[in-house]
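What follows is a single structure, written as C-alpha cells, with notes after it.
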Amino acid sequence: MPELPEVETTLRGVVPHLVGRRITGVEVRQRRLRWPVPKQIDALAGRVVADASRRGKYLLFDVAPGAVILHLGMSGSLRVVAAGAGWRKHDHLALSLDSGRAIRFHDPRRFGCVLFCAGDPLAHRLIRDLGPEPLGDGFHAGYLAGVAAGRRGGIKQLLMDSRVVVGVGNIYACEALFLAGIHPRRAAGRVAGSRLETLVAAVKEVLGRSIEMGGTTLRDFLREDGEPGYFKQSLLVYGREGEPCKRCGGVVRRFVQVGRSTFYCPGCQR
Ligand SMILES: [Zn+2]
Numbered sequence: 008m009p010e011l012p013e014v015e016t017t018l019r020g021v022v023p024h025l026v027g028r029r030i031t032g033v034e035v036r037q038r039r040l041r042w043p044v045p046k047q048i049d050a051l052a053g054r055v056v057a058d059a060s061r062r063g064k065y066l067l068f069d070v071a072p073g074a075v076i077l078h079l080g081m082s083g084s085l086r087v088v089a090a091g092a093g094w095r096k097h098d099h100l101a102l103s104l105d106s107g108r109a110i111r112f113h114d115p116r117r118f119g120c121v122l123f124c125a126g127d128p129l130a131h132r133l134i135r136d137l138g139p140e141p142l143g144d145g146f147h148a149g150y151l152a153g154v155a156a157g158r159r160g161g162i163k164q165l166l167m168d169s170r171v172v173v174g175v176g177n178i179y180a181c182e183a184l185f186l187a188g189i190h191p192r193r194a195a196g197r198v199a200g201s202r203l204e205t206l207v208a209a210v211k212e213v214l215g216r217s218i219e220m221g222g223t224t225l226r227d228f229l230r231e232d233g234e235p236g237y238f239k240q241s242l243l244v245y246g247r248e249g250e251p252c253k254r255c256g257g258v259v260r261r262f263v264q265v266g267r268s269t270f271y272c273p274g275c276q277r
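Per the working numbering, numbering of the sequence shown is gapless, rising by one per residue and ending at 277.
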C-alpha cells in the first residue's frame, strides 16, 4: 500500500512535469474508483496547474479556481508518459499537458480516488480533520504529550491515528517504536515526556529516510516498471518475526494489535 513516503516520492516525481503546465485534455476511462470521478474533472482542459502539494496521503493539484484531490488508495500510482503512449490495463484516467506528456492514474484495486474541490482543499471533509504532518514543526513532543495524556490505548494505535498525526503507517510505527525503545502496547498516557521526544525524533527519522530512499528510485517509479523497491533492506523489526534483533541479538516477535501485525523486540522495547 502506498504510504506517506511513496506519496511524497510521487509528488516530487510529478511536480516538474505538472506545475505551470496547462491541461490540454482529460480522459476518464473508469469512473468507478473509491468514489465516482466527478464530471468537474472532465472539464479541467484549459486550466493551468498552479501548484501541487501533499496533505497526509492526499495529493492536491491547484487548478485555480479549485483543486484536484487525489489519493492512491491501496494500489494506485501516477506515471508520466508521452501523451500518445498506449494505455495499460488499470490505467483509469489521464491528464494531458501542453508539454506533450500526460499524467496517468493507474489503480488495479480502485480504492484510490480523483476528486474535485471547488474551494480550499484543506477545508474538504476528507482533509480538514487530519492531524499535523509528521515531518512538520507541528508534530513535536509537547504536542504528542498533550494528545497522549490520560489515554489507556497503546502508543502504537495513537501513532497510527490520522487525527493525531498523518501518514504513520504500520511499518513506520513499528520501526519508530523500536528505535525509541518503547513497547507498542504501552499505554500512550504512560509514556514519559522524554521518551515521547525520542519517539517523535524516531518517527521523523524513519519517514525521512524512507523518503530519501524513495527519491533514489524516482525514475523507475515514473516509468512503466513501477514499484519503488526502497526501504525493505533497512527494516529493523518489521517483517522479521523469529529473526535476531539487530540491536541486542534477541528474537523479534510479532503479535496482532487492532488487526495489524506488530513486530517488536521484547529485549529492547519497554
Ligand atoms: Zn533487541
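Backbone N, C-alpha and C fix where the C-beta goes; we use that ideal spot for every residue, glycine too. Note that the structure is a prediction, hence the values are computed from the model and not measured.
**OP:** Return yes when the C-beta of R261 is under 7 Å from any heavy atom of ligand 1, and no when it is not.
**Re:** Result no, Cβ not under 7 Å from ligand 1.
**OP:** Classify D114 as buried or exposed, calling it buried when 16 or more other Cβ atoms lie within 10 Å of its own Cβ.
**Re:** With 16 or more other Cβ atoms within 10 Å, it is buried.
Original post:
What are the complete beta strand (DSSP E) segments, minimum 3 residues, inside the segment 120 to 170?
Top reply: Residue ranges of uninterrupted beta strand (DSSP E) with 3 or more members, entirely inside the segment 120 to 170 and ordered along the chain, are 120 to 124.
Original post:
Is DSSP giving G249 helix, strand or coil here?
Top reply: Coil, per DSSP.
Subject >> F112 - containing beta strand (DSSP E), residue span >> reply: F112 -> beta strand (DSSP E) spans R108 to H113.
**OP:** Could you tell me the boundaries of the beta strand (DSSP E) in which V258 lies?
**Re:** First-last for V258: undefined, no H or E at that position.
**OP:** Let me know the secondary structure DSSP gives E34 once reduced to three states.
**Re:** Residue state, collapsed to three classes: strand.
**OP:** Examine the Cβ distances between the segment 178 to 195 and the segment 15 to 22 and report whether three or more of them are shorter than 8 Å.
**Re:** Counting Cβ pairs under 8 Å, fewer than three are found: no touch.
Original post:
Are R61 and E13 closer than 8 Å when you measure CB to CB?
Top reply: No, the pair does not count as a contact, with Cβ atoms beyond the cut-off.
Original post:
At what residues does the beta strand (DSSP E) containing I189 begin and finish?
Top reply: Segment: none, I189 is in no beta strand (DSSP E) and carries neither H nor E.
Original post:
With W78 and C120 assumed to form a contact (beta carbons below 8 Å), what rounded beta-carbon distance in angstroms separates them?
Top reply: This sequence places His at residue 78; Trp is not what is there. Rounded, the Cβ-Cβ distance is 5 Å, consistent with contact.
Subject >> Nearest-angstrom Cα separation, counted from V258 out to L67 >> reply: Their Cα atoms are separated by approximately 43 Å.
**OP:** Within its chain, find whatever has a CB closer than 6 Å to the CB of R192; leave out the 5 residues flanking it on each side and keep chain order.
**Re:** Here the set comprises G161.
**OP:** Taking only the alpha-carbon atoms, compute the straight-line gap between K253 and C275 and give it to the nearest angstrom.
**Re:** Cα to Cα, the separation comes out at about 10 Å.
**OP:** In angstroms with no decimal places, state the Cα-to-Cα distance between L102 and V44.
**Re:** Computed Cα separation, rounded: 13 Å.
Subject >> Terminal residues of the beta strand (DSSP E) in which Y95 lies >> reply: Here residue 95 turns out to be Arg, not Tyr, going by the sequence shown. From DSSP, R95 is part of no beta strand (DSSP E); its letter is neither H nor E.
Original post:
Which same chain residues, not among the five before or five after A209, have their C-beta less than 7 Å away from its C-beta?
Top reply: Setting aside the 5 residues that flank it on each side, A209 is surrounded in the same chain by A183, L186 and A187, each with a C-beta closer than 7 Å to its C-beta; the list follows chain order.
**OP:** Consider the C-beta atom of G174 and the heavy atoms of ligand 1; say whether any pair is separated by less than 7 Å.
**Re:** G174: no, Cβ never under 7 Å from ligand 1.
Subject >> Alpha-carbon spacing of I110 relative to L206, whole angstroms >> reply: CA-CA distance, I110 to L206, rounds to 37 Å.
Original post:
How many angstroms separate the CA atom of A59 from the CA atom of D69?
Top reply: The C-alpha of D69 is placed about 6 Å away from the C-alpha of A59.
Original post:
What span of residues does the alpha helix (DSSP H) with R19 cover, start to end?
Top reply: Where R19 is concerned, the enclosing alpha helix (DSSP H) stretches over L11 to L25.
Original post:
Are the segment 82 to 99 and the segment 46 to 56 touching, with three or more C-beta to C-beta distances below 8 Å?
Top reply: Result no; under three Cβ-Cβ pairs closer than 8 Å.
Original post:
ligand 1 heavy atoms versus the CB of G246: any closer than 7 Å?
Top reply: No heavy atom of ligand 1 is found nearer than 7 Å to the CB of G246.
Original post:
So what does DSSP say about D105, is it helix, strand or coil?
Top reply: D105 falls in the coil class under three-state DSSP.
Original post:
What residues in its chain sit with their C-beta under 8 Å from that of V213, if we drop five residues either side in the sequence?
Top reply: Leaving aside the five residues that flank V213 on each side, the residues in its chain whose CB is nearer than 8 Å to its CB run, in chain order, Y179, E182, A183 and L186.
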